[in-house]
Each structure stands twice: as structure tokens, then as C-alpha cells.
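Start counting the sequence shown at 16; every next residue gets the next number (my numbering). The structure under discussion appears below in the form of C-alpha cells.
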Amino acid sequence: MYKLGVLISGRGSNFHSILKNIQSGYIKNAEIAVVISNNKNAKGLDIALKNGIDSVFIDSDNLSREEYDKLLIDKLREFDVDIVILAGFMRILSRRFIKEFKNRIINIHPALLPSFRGLHAQRQALEKGVKFTGATVHFVTDELDDGPIIAQSVVPVLSDDTEDSLSERILKTEHKIYPLSVKLITEDKIILKGDKIISIGDDLNDDFYAVNPKEL
Ligand code: GRF
Numbered sequence: 016m017y018k019l020g021v022l023i024s025g026r027g028s029n030f031h032s033i034l035k036n037i038q039s040g041y042i043k044n045a046e047i048a049v050v051i052s053n054n055k056n057a058k059g060l061d062i063a064l065k066n067g068i069d070s071v072f073i074d075s076d077n078l079s080r081e082e083y084d085k086l087l088i089d090k091l092r093e094f095d096v097d098i099v100i101l102a103g104f105m106r107i108l109s110r111r112f113i114k115e116f117k118n119r120i121i122n123i124h125p126a127l128l129p130s131f132r133g134l135h136a137q138r139q140a141l142e143k144g145v146k147f148t149g150a151t152v153h154f155v156t157d158e159l160d161d162g163p164i165i166a167q168s169v170v171p172v173l174s175d176d177t178e179d180s181l182s183e184r185i186l187k188t189e190h191k192i193y194p195l196s197v198k199l200i201t202e203d204k205i206i207l208k209g210d211k212i213i214s215i216g217d218d219l220n221d222d223f224y225a226v227n228p229k230e231l
């Protein structure tokens, strides 16, 4: 059984989608050991509370990045966490943290990486006028929004899209590819060699990822 540590800062819908997929048995080899937030008002903390999952607020006031990340590491170690899931965690992690959990931190980004890294990825896609964007689940490395790609969803950009409508369409696919990625990792189906994924489970097929907006 893998123990997951989920880091959030807000709404927590990706955390919730992973939790629901554990509860339904779709993800069989994992449990959420702890949810940690840097924001005490994060809605995701309420979801943890309602579901009887340990949750912790770690305040970043007056702490350097290294000091804060040391607290994070200690808390994750206390809960014996094997895999760190970033789910809308709005802080950049230190090298030390990334080294501590090397190849065991994953993140979801609301764009088809390597396009539109950083904040407001959906707005960046609209401004660029791309016809398709999507979401990416990837291992975390020292580079922001980089690292070996585990899964992607492709989402069309419609002519009347706003940032909200596009974000909502992408989010629905995030709730599919994040649980799928956690399932693959915790079934040991992903093999990393250096910075590349060299093997991935059979469950990953192209049809799953090209999302028809009419189906959403
Ligand atoms: C998602 O859009 C995710 O891609 C990005 O932050 C947002 C988090 O949303 N990294 P939620 O808190 O999981 O609802």
C-alpha cells in the first residue's frame, strides 16, 4: 500500500477526485495519509475533515523557503509518505525538497506542457489563440512545470470561451488523468530511466485523452 501526501492551497477538487477514486476501488494500492495546506482557509481541508483524513495547515509566515520545506518534509516523514501529490499547491518547492522525494513528486498543470508554464495557463492559451489545450500530469524536477510526462488530456478551445469556461472544461479532464496517473504509479506501471519514462501501463490509450467537448 502506497501512502500519499497531498499538498493543496485552495479548492482541492483534484485531491477530491483522487480520494473518490480510492474510495471506489479504482485506485487500489494507495491511501491518503495526510493533506497539507499552506492556506488555512483552503476548501480542500474541509473535504479532508469530512472524510476523516488527517490534515495539517503549515503557516509560511516569516519562514524562508528552506525552513518551510523542512517543516513539510518532517510532516510528510511523520506520516510515512511515499508519494507526494501536488494538487493546486501554490508554492515553488526547494531543491532540497525535490531531492528528498526524488521521482516521487507529481503535479498537475492546466495546459499541454511544455506550452504555457507558470500561472494562468488557461489565460495564456486563450491569449495565444491555440485551438487545443489541456492538462498534464508530470513528475516534478527542479525546473518549474517540467519533468517526465505521465498523462495528458487534449481539450478544444471554443470560439466563445472565457477563462472560466475553458478552465472548467480542462478541470473535468484533470479529474480523469490525475487519478489515472496515481493508479499507474501505485501499480508500479511507470518506469523511469534518467529523466524519461520508458514504460507505462497498457491503460494509457489515445482515445482516453482526446476529449470531445460534447461529452463533458
Ligand atoms: C488545477 O487547475 C490544477 O491544474 C492547478 O491548480 C488547480 C487546482 O485546482 N495546478 P483544485 O484545487 O485541485 O480544485
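Every residue, glycine too, gets a C-beta built ideally from N, C-alpha and C. If you're wondering where the values come from, they're calculated on a predicted model, not measured in any experiment.
Exposure label - residue i; buried when at least 16 CB within 10 Å
i, result
"I123", "buried"
"N227", "At N227 the pLDDT is 49, less than 50, meaning the model places this residue with poor confidence and gives no usable figure here."
"F72", "exposed"
"L19", "buried"
"E82", "exposed"
"R184", "buried"
"Y41", "exposed"
"K198", "buried"
"Q137", "buried"
"G59", "buried"
"L231", "In this prediction, L231 has a pLDDT of 47, which is less than 50 and means its spatial position is unreliable; what the coordinates show is noted afterwards. Exposed, since its Cβ has fewer than 16 Cβ neighbours within 10 Å."
"N77", "exposed"
"D175", "exposed"
"D95", "exposed"
"I213", "exposed"
"P238", "Nothing in the structure corresponds to residue 238, since the chain is present only between 16 and 231."
Nearest-angstrom Cα separation, counted from residue j out to residue i
i, j, result
"Q139", "K43", "36 Å"
"D210", "D61", "36 Å"
"A70", "P171", "According to the sequence provided, residue 70 is Ser. The question's Ala does not apply to it. If you take the alpha carbons of S70 and P171, they lie about 36 Å apart."
"V21", "I47", "7 Å"
"V49", "L207", "26 Å"
"K204", "M105", "29 Å"
"V155", "I113", "7 Å"
"T148", "N66", "33 Å"
"A225", "K146", "Its pLDDT being 49, under 50, A225 is placed unreliably in this model, and the value from its coordinates should be taken loosely. Answer to the nearest angstrom: the Cα atoms are 13 Å apart."
"T188", "K35", "15 Å"
"N56", "I23", "11 Å"
"D221", "S168", "Confidence is the limiting factor: at D221 the pLDDT is only 47, short of 50, which leaves the residue's position unreliable, though a coordinate-based value still follows. Whole-angstrom Cα-Cα distance: 9 Å."
"L101", "E178", "22 Å"
"Y193", "R119", "14 Å"
"I33", "K191", "9 Å"
"R92", "S52", "16 Å"
"I45", "L195", "Per the sequence shown, residue 45 should be read as Ala rather than Ile. Between A45 and L195, the C-alpha separation is close to 12 Å."
Residue i Cβ short of 8 Å to ligand 1 heavy atom set
i, result
"E178", "no"
"G133", "no"
"H153", "no"
"G59", "yes"
"G67", "no"
"I123", "yes"
"A9", "With the chain represented from 16 up to 231, any question about residue 9 goes unanswered, as that position is not in the structure."
"I185", "yes"
"G27", "yes"
"A63", "no"
"E189", "yes"
"S168", "no"
"A150", "yes"
Ligand 3 heavy atom lying under 8 Å from the CB of residue i
i, result
"K208", "The ligand content of the structure shown is limited to ligand 1, which means ligand 3 is not among them."
Report task. Entirely within the segment 78–120 and at least 3 residues each: give me those beta strand (DSSP E) ranges in chain order. Result -> 98–101
Query raised in the report: Of all the beta strand (DSSP E) runs that stay within the bounds of the segment 175–210, which reach a length of 3 or more residues?
Result: 206–208
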